[in-house]
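One structure is given here, and the rest of the page talks about it.
2 protein chains.
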Amino acid sequence: MAKEQQFVSQIADIESDFPQWYSDVVLKTKLVDYGPVKGTMVIRPYGYAIWENIQKELDKRFKETGHENAYFPLLIPMSFMTKEAEHVEGFAPEVAVVTHAGGEKLAEPLCIRPTSETIIGTMYGKWIQSYRDLPVLMNQWANVMRWEKTTRPFLRTSEFLWQEGHTVHATEEEAMEETMKMLSVYEEFAKTCLSMPVLTGRKTEKEKFAGAVATFGMEAMMHDGKSLQAGTSHYLGQNFSKAFEIKFLDKDGVQKYAFTTSWGVSTRLIGALIMTHGDQRGLVMPPVVAPVQAVIVPIASKKEGVLEACTALKERLQKAGVRVVLDDTDNSPGWKFNEWEMKGVPVRIELGPRDIEAGKMTVCRRDTLEKGELPLENAEEGVRALLHEIAENMYAAAKKRMEQRIVDAVTLDELLNGVNRGNFVRAGWCGCRECEDKVKEFAQATARVYAKEDTAKTCVACGKKSAHTIVFARAY
Amino acid sequence: MAKEQQFVSQIADIESDFPQWYSDVVLKTKLVDYGPVKGTMVIRPYGYAIWENIQKELDKRFKETGHENAYFPLLIPMSFMTKEAEHVEGFAPEVAVVTHAGGEKLAEPLCIRPTSETIIGTMYGKWIQSYRDLPVLMNQWANVMRWEKTTRPFLRTSEFLWQEGHTVHATEEEAMEETMKMLSVYEEFAKTCLSMPVLTGRKTEKEKFAGAVATFGMEAMMHDGKSLQAGTSHYLGQNFSKAFEIKFLDKDGVQKYAFTTSWGVSTRLIGALIMTHGDQRGLVMPPVVAPVQAVIVPIASKKEGVLEACTALKERLQKAGVRVVLDDTDNSPGWKFNEWEMKGVPVRIELGPRDIEAGKMTVCRRDTLEKGELPLENAEEGVRALLHEIAENMYAAAKKRMEQRIVDAVTLDELLNGVNRGNFVRAGWCGCRECEDKVKEFAQATARVYAKEDTAKTCVACGKKSAHTIVFARAY
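Protein sequence lines correspond, in order, to chains F and R. Position one of the first sequence corresponds to residue 1 (my numbering), numbered consecutively onward. Position one of the second sequence corresponds to residue 1 (my numbering), numbered consecutively onward.
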């Protein structure tokens, strides 16, 4: 037990030092490492496997909703960035710039994409001629670069991996429908695959994407009660189609500017699931995207038949589509328990001589740490059902936590009090930028989304009539 | 027929102007478009779908051989590049350099990875301590950048997509075994998935990867008889482990430098399959990676029951795992035939009232343009078997072409004659750089690989005793 305690103690206390807990967990479980250039990360195999599972699940959903993948260049001429006024204002301070290539100074500096509206818009302007070419529904999986001052692995890094959907439509209605459809795809994905509840809703002018008419986001509540923007879907109206001449000849013979959308999620989602589900022992992986869903730990592995039984079980589970590892290393079972708990593997299976004799296996679930038994005979079914139950339980538990921590406030003091206690705070807002800034200044909280219902009567900052009820929170 | 001729005539003549044929085909079939920055390409959905299929097939093979995916940063400090002397000499002239980011000039310029040995080597040096940490078997799917003077979509672009495997081993033998294993994985993949025969073998010092001890490549013969390097596997010895301090404490208690390998294929493979199989009508897609494997063209589609039967067939084929499209647009069947032939879809299915009545479908295979009939009843089996047959036939035909066009030469004149006729030319080589350069100068041909057997007696350039038999060719 001494060893166990030593092991667990390597992780900082989750309640008193959540930032250090996060760093400890992501580094010690080998999800990620710091890259040599400040602000960059190396995604190690255990972390990248999560991203692969996220990609697989999302990509399936994108294709089912009619989208095709494509790939656009990394480098964007600086002049493209300036075509949409708000867009350049938002992104120019963060871009990395290529000035030299092939041993020569470039005639025009090129920026590494911070997002691809400008270069994709340019190509769409070239490709789209007629209403027959619409809608255009494309997505790209790519790396992007935003030079940030303060960075943390997965949450904010200068380079990150993401997908960006870019669509073009003949009408405003269609484009709005697409914007909301992809937001709901994200929400369903977060629930089903990450066991992560989210609040969705429109963002304020201040918080919206640079160049969008309206941004809709999904916000997830982290362990410390702060909010993490986990995905966004933008209705871009005709802003980009006018900047990039995305025009089409409509059925009525009239040349019109198209309506566009864009939407994206990134490797940030990995940070989100860690900070939603993690506990003092380390990671708690949502089963659907867990790199390893079940680990088999042999008990008294030198006894005759134990390793053979473990191997046979592993092969059966593998065949049934379970991502399973058999830990047949020389470490003690106790050491292995800690290691795999820290790595957050949803199901641990212990198999020893007594289990084998009794035709059962001991199972321990990572979410509740409860131990139980399952018959060996239909282990495939049992493990799959358990994984499913864990996914649902993790979602339900996180949802309950989140709902309990959404409170209402009428005054700024109440709002400050709420966020200090790690809550999301619902409060009224008159709609003016000054009041939004005042909340930020007073409580270091920002408007995350418009609440689903307008329940507030007065603005939390100025006391005048409330135009919108807003969910405020401190945010990553 | 006037329309058909007009259509086909949009593609340049494949025999007299192969470069123009290539440009016409890749642009008109919407595989790709030129990006706004010179030398860049936009991979459009029809092209990207090929890459997705290539990725899926290769990734499966990498994982089956024990490799894990990871992701390393795009930007590499310039100082890393200079740590391996040959490496920097080879790549420095081609790198794109980031000098500014976040509105400031960077203290050290960063280069966009042209390949990742240096940054991955740095991380391996940090991670690897003991023989217990070995082997390390990682792969990364990523974009890379090499600033080239002359570019062509897929074949040579400043940015391209690829995978790069990077492995570390305790011994030279293991590293060599890995190098050859991945070369054979590539060869088997090219055969099975691209229906593309290749010549594999070691490269000369002049042609090897900058920093490798030995490079092994696979070369494919294009329609014009030129060679295309379609993949490489490098044995790096201790060159990079010494430059990046990749050391481990061995079982015998001694600190040792590890042995590393790297291997990669890229979006170039798409260019390779186009130029291996294409004909005057356009693309001929190898079935395994074809974005669309079968297209259904309704005949007399306004007649009762035709569209319904086509839709039912489409659904059945889809369920059976065939990537199938039903072309129910307003275009004429003749127009559709041309369109889908140009796009290289392996199987075209025509379904009209007479077919339906007779319980059959008319099928036309793209590789031989032969028409035949298949019973509707077990269409799934029939189409799958046909796709398999097409894949095998395409490979056999390409292999026969290649073998017929490998000739032997004793003198430089014979060698020049051979490559002028679009052949690969096997000839002797004394082993000196001057003679290799002389062949290049005289015949614009380069040493592609060492031949499997040393059959030549004298060096084709100097007439002295031949040390190696080399396959020379003009190359992309």
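Heads up, the beta-carbon is just placed ideally off N, CA and C, and yes, glycines get one too. Note that this is a predicted model, so its numbers are computed, not measured.
| Using a C-beta cutoff of 8 Å, does R:M402 count as contacting chain F? | Not closer than 8 Å to any Cβ of chain F, the Cβ of R:M402 fails to qualify, so no.
*R:T40 versus F:A142: straight-line alpha-carbon distance, rounded*: Between R:T40 and F:A142, the C-alpha separation is close to 15 Å.
Assigned secondary structure, F:I406 (DSSP; H/G/I helix, E/B strand, else coil) | Assignment of F:I406 by DSSP, reduced to helix, strand and coil, places it in the strand class.
ask   = Roughly how many whole angstroms lie between the Cα atoms of F:A391 and F:S195?
value = Computed Cα separation, rounded: 6 Å.
In this structure, how does DSSP classify R:D367 when only helix, strand and coil are distinguished?
Coil, per DSSP.
Quiz prompt | R:I246, DSSP secondary structure in three states | solution = In this structure, R:I246 counts as coil in the three-state DSSP scheme.
Rounded straight-line distance, which links the Cα of F:G121 to that of F:N239:
Rounded to the nearest angstrom, the gap between the Cα atoms of F:N239 and F:G121 is 11 Å.
Contact set between F:R44 and chain R, taken where Cβ atoms lie within less than 7 Å:
Chain R residues near F:R44: A70.
I want to see whether chain F comes within less than 8 Å of R:T99, judged by CB atoms only; does it?
The beta-carbon of R:T99 is placed less than 8 Å from the nearest beta-carbon of chain F.
Determine contact between the region 274–283 of chain F and the region 335–345 of chain F, defined as no fewer than three beta-carbon pairs at a distance below 8 Å.
Yes, they touch.
Can you tell me whether R:Q229 is buried or exposed? The criterion is at least 16 other CB atoms within 10 Å of its CB, across all chains shown.
Counting Cβ neighbours within 10 Å, R:Q229 comes out buried, since at least 16 surround it.
Chain R residues whose Cβ lies nearer than 9 Å to that of F:Y131: The contacting residues do not exist; F:Y131 stays about 14 Å from chain R at best.
> Where does F:H234 sit, in a helix, a strand or coil, going by DSSP?
Replying inline: In this structure, DSSP gives F:H234 an extended state, which the three-state scheme calls strand.
* Asked: Mind checking R:N139: buried by the 16 CB within 10 Å criterion, or exposed?
  -> Under the 10 Å beta carbon count, R:N139 is surrounded by 16 or more other beta carbons and is classified as buried.
Outcome for R:P286 when other beta-carbon atoms lying within 10 angstroms are tallied against a minimum of 16 | Classification for R:P286: buried.
### Task
Please name the residues in the region 24–54 of chain R whose beta-carbon is closer than 7 Å to at least one beta-carbon of chain F, in chain order.
Taking 7 Å as the upper bound on Cβ-Cβ separation, chain F lies near residues D33, G35, P36, V37, T40, V42, I43, R44, P45, Y48, E52 of the region 24–54 of chain R.
Exercise. Looking at C-alpha atoms only, which residue of R:L183, R:Q255, R:V383, R:T368 is the closest neighbour of R:L374?
Worked result: Checked all of R:L183, R:Q255, R:V383, R:T368; the closest Cα to R:L374 is R:V383.
query: How is the beta strand (DSSP E) around F:Y34 delimited, first residue to last?
result: In this chain, the beta strand (DSSP E) harbouring F:Y34 covers 32–34.
R:K206 to R:I112 span [Cα, whole Å]: The straight-line gap from Cα to Cα measures roughly 25 Å.
- Query: Considering only residues of the region 115–158 of chain R, which uninterrupted beta strand (DSSP E) runs meet the minimum length of 3 residues and lie entirely inside it, listed in chain order?
  - Reply: Secondary structure remark: continuous beta strand (DSSP E) runs of at least 3 residues inside the region 115–158 of chain R, in chain order: 136–145.
| said: On the DSSP bridge list, what partners appear for R:T362? | reply: According to DSSP, R:T362 bridges with R:E350, R:E373.
### Query
Comparing the C-beta of F:D224 with each C-beta of chain R, is any distance below 8 Å?
F:D224 does not count as touching chain R.
What does R:G321 touch in chain F if you count any residue whose Cβ is under 8 Å from its own? Those within 8 Å of R:G321 in chain F number zero; the least Cβ separation is about 15 Å.
Q. Between the C-alpha atoms of R:V460 and R:T276, what's the straight-line distance to the nearest angstrom?
A. Straight-line spacing of the CA atoms in R:V460 and R:T276 works out to 28 Å.
CA-to-CA distance, F:A272 to F:M222, given in whole angstroms: For the pair F:M222 and F:A272, the Cα-to-Cα distance works out to about 7 Å.
- Item | R:T122: contacting residues in chain F (beta-carbon distance under 7 Å) | Within chain F, the residues near R:T122 are P36.
Open item on the list: Is the separation between the beta-carbon of F:T204 and that of F:H234 shorter than 8 Å?
Closed with: Cβ distance not < 8 Å, so F:T204 and F:H234 don't count as in contact.
### Message
So for F:L386, helix, strand or coil by DSSP?
### Response
The three-state secondary structure of F:L386, taken from DSSP, is helix.
Point to revise | Chain-ordered chain R contacts of F:I128 [CB-CB under 7 Å] | key: Result: empty, since nearest Cβ-Cβ is about 13 Å, beyond 7 Å.
At a cut of 8 Å, does the region 289–297 of chain F reach the region 317–326 of chain F through at least three beta carbon pairs? At 8 Å Cβ cutoff, the stretches touch.
* Can you check whether the CB of F:V25 is closer than 8 Å to the CB of F:V32? -> No, the Cβ-Cβ distance between F:V32 and F:V25 is not below 8 Å.
**Prompt:** Which residues of chain F have a Cβ atom closer than 9 Å to the Cβ of R:P77, listed in chain order?
**Reply:** The contacting residues are P36, V37.
Review point. For R:R426, which residues of its own chain have a beta-carbon under 8 Å away from its beta-carbon, when the five flanking residues on both sides are left out?
Key: The answer, listed in chain order, is I406, V407, D408, A409, A451, T455, A456, T469, I470, V471, F472.
_Between which two residues does the alpha helix (DSSP H) holding R:A272 run?_
Residue range 268–277 is occupied by the alpha helix (DSSP H) that includes R:A272.
If the cut is a Cβ gap below 8 Å, which residues of chain R does F:M138 touch?
Within 8 Å Cβ-Cβ: P45.
Using Cβ-Cβ distances below 8 Å, what residues of the region 161–193 of chain F are close to chain R?
Answer set for the region 161–193 of chain F: L161.
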